[in-house]
Amino acid sequence: MSTTIERPLVDPVVTVWLNRIRQEYRELPGLNLTQAQMQRLCGLQPDACVALIDSLVAARILRRSPTGELVAREY
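Using my numbering, the first residue of the sequence shown is number 585, and each one after it goes up by one.
Here it is, written out as structure tokens:
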């Protein structure tokens, strides 16, 4: 019996935004943004911004600093 693992479908637009935000953090070492700043920088609605942030934190790309800012994880 063969078992397949289904991958959740991700909207291509979401993937574009996740990659764009990840690239911003790669290109600007030391970048730290609040949620409000990321919303303004990317022109996102609050709920979309929260969802993207949650995804990036869950993927261990970003982390929240003690002051609540979003910073790149150190490897």
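Just so you know, even glycine gets a beta-carbon here, dropped at the ideal spot from N, CA and C. Keep in mind it's a predicted model, so treat the numbers as computed, not measured.
- The beta carbon of Thr-618 sits closer than 8 angstroms to those of Gly-652, Glu-653, Leu-654, all from its chain and outside the five residues before and after it, given in chain order.
- The segment 610–648 contains, as complete beta strand (DSSP E) runs of 3+ residues, the segments 646–648 (chain order).
- As DSSP reads the structure, Val-598 sits in no beta bridge.
- By the 16-neighbour rule on beta-carbons within 10 angstroms, Leu-640 is buried.
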